[in-house]
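Chemist: What follows is a single structure, and I will ask about it in a moment.
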Amino acid sequence: MNAALTGLCEKGAKGAMFACELEEEDFWRISSLMYRCCRVNLHEGKKTLVQSRLNKRLRALGLEDFNAYWQYMLDNEEEVVAMVDCLTTNHTHFFRGPEHFDFLSKRIFPALRERKEDSIRIWSAGCSSGEEPYSLAMALVETIEDVDTKDALVLATDISRKALERAKRGVYGKNEVYKVPPELRIKYFDFIRDEESGEMLFKVKDVLARLVRPRFLNLVDQWPMKHPFDVILCRNVMIYFDRETQRELIKSFWRALKPGGILIVGHCESLAGMMSRFEFLCPTIYSKIT
Ligand SMILES: C[S@@+](CC[C@H](N)C(=O)[O-])C[C@H]1O[C@@H](n2cnc3c(N)ncnc32)[C@H](O)[C@@H]1O
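So the sequence shown is numbered by our numbering: it starts at 1186 and just counts up by one.
What follows is the structure, given as structure tokens:
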């Protein structure tokens, strides 16, 4: 067996209890592939995380070590998708960064409501399992009651197929909806029971599902969208990219916005040094200057 073992990595045993160690060479092969696929920058400090997450794939596939995993990936292109799913960080929750939703509900959505133009385009770029776009949809419906009569949509894109499946289902557990204020939970979610476990679940109502369009999109590929956006949220995504990729992405967001359109980034992300064509409105919120 090629891999050094931190414990026993039983050959071909599904569900083996111990982890294979990720050797330096395998780590660099995998991190380079991740960078080529989606520009996620897995530096040395992420080695333990990569090892522990990919050990789950090794066990699921019954592979003996990371060398075998690499060979498997060369023979099965679709495994790259599963690897990306495993290695992206999908942490999110409803109304994450509440000040962003306050800003949109108080300053931006009322202005969209008063505007003559009917189309409203919002984009949650790196939407993970859907909590962000459904929070946007709730804020939108709360501010623009007749949003149904407008040509409004919240595009929700991500590179993780697994996260997108969850976004498409729009079903969440009670530990996930606890951040939704109770009055909105009652208004915008149906209670359902999981058939197997009997667990109580919350399914987004049609009024939200009609607005939100979950789609696969790798942000570092060509974007197919033709119409410009009023608001783009790309929060807690760019931290995984290097400076050059962030710079390119900011330029692309600028092109994808309507004049005066709003770009919102995460609290650990900054446009400092890259935002010459954006006006700083308040921390992490910018508007497009033409
Ligand atoms: C930490 S989550 C952030 C979710 C949400 N925006 C929030 O702030 O709560 C980051 C998301 O970015 C996605 N992501 C990472 N690289 C990407 C890429 N190249 N293209 C599209 N999505 C990407 C990941 O799959 C993950 O779901």
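Backbone N, C-alpha and C define an ideal beta-carbon position, used for all residues, glycine too.
Quick caveat: nothing in here was measured; it's all calculated off a predicted structure.
Looking at the structure shown, is G1355 part of a helix, part of a strand, or coil, going by DSSP?
Modeler: The answer is coil: DSSP assigns G1355 none of H, G, I, E or B.
Chemist: Would you tell me roughly how many angstroms separate the C-alpha atoms of H1278 and V1450, rounded to the nearest one?
Modeler: Their backbone Cα atoms lie some 15 Å apart in a straight line.
Chemist: Compute the Euclidean distance between the alpha carbons of R1462 and D1331, then round it to the nearest angstrom.
Modeler: Cα to Cα, R1462 sits roughly 33 Å from D1331.
Chemist: Kindly list the residues whose CB is nearer than 7 Å to the CB of S1237, restricted to its own chain and excluding five residues on each side of it in sequence; keep chain order.
Modeler: Contacts found: A1204.
Chemist: Got a sec? Which residues, its chain only, sit under 8 Å from S1345 by beta carbon, not counting five neighbours each side?
Modeler: Around S1345: V1269, D1270, T1273, N1275, S1313.
Chemist: Secondary structure at F1466, three-state DSSP: helix, strand or coil?
Modeler: The displayed chain sequence assigns Leu, not Phe, to residue 1466. It is a strand residue.
Chemist: Start and end of the beta strand (DSSP E) containing S1309?
Modeler: Where S1309 is concerned, the enclosing beta strand (DSSP E) stretches over 1305–1310.
Chemist: At 3 residues or longer, and completely inside the segment 1277–1356: list those beta strand (DSSP E) runs for me, N to C.
Modeler: Here the runs fully enclosed are 1305–1310, 1337–1343.
Chemist: For R1152 and V1405, I'd like the C-alpha separation in whole angstroms.
Modeler: Only positions 1186 to 1475 of the chain appear in the structure, and residue 1152 is not among them; the question remains open.
Chemist: Any beta carbon from chain B within less than 9 Å of E1249's own beta carbon?
Modeler: The structure shown has no chain B; it contains just one protein chain.
Chemist: What is the DSSP secondary structure of Y1254, counted as helix, strand or coil?
Modeler: Here Y1254 sits in helix by DSSP.
Chemist: Return helix, strand or coil for K1196, following the three-state DSSP convention.
Modeler: Because the pLDDT of K1196 is 45, which lies under 50, any placement of that residue in the model is unreliable, and the number read from its coordinates should be weighed accordingly. If DSSP states are grouped into helix, strand and coil, K1196 belongs with coil.
Chemist: With a 10 Å radius around its C-beta and 16 neighbouring C-beta atoms as the bar for buried, classify R1420 as buried or exposed.
Modeler: Buried, since its Cβ has 16 or more Cβ neighbours within 10 Å.
Chemist: For the alpha helix (DSSP H) that R1440 lies in, which residues bound it at each end?
Modeler: Element bounds for R1440: 1428–1441.
Chemist: Which of the three DSSP states, helix, strand or coil, is assigned to I1474?
Modeler: Note: I1474 maps to coil in three-state DSSP.
Chemist: Please name the residue, chosen from E1299, K1372, K1347, that lies closest to A1322 on a Cα-to-Cα basis.
Modeler: Taking only the C-alpha atoms, the option nearest A1322 is K1372.
Chemist: Is C1453 helix, strand or coil by DSSP?
Modeler: Note: C1453 maps to coil in three-state DSSP.
Chemist: Go ahead and label G1444 buried or exposed: buried means 16 or more other beta carbons lie within 10 angstroms of its beta carbon, across all protein chains shown.
Modeler: Reading the sequence as shown, one finds Pro at residue 1444 and not Gly. That one is exposed.
Chemist: Going by beta carbon distance, what residues of the same chain come within less than 8 Å of G1355, once the five residues before and after it are set aside?
Modeler: Answer for G1355: G1315, Y1319, K1388, V1389, L1393, A1394, V1397, listed in chain order.
Chemist: Can you say whether H1412 is buried or exposed, counting buried as having 16 or more other CB atoms within 10 angstroms of its CB?
Modeler: Exposed, by the Cβ-count rule.
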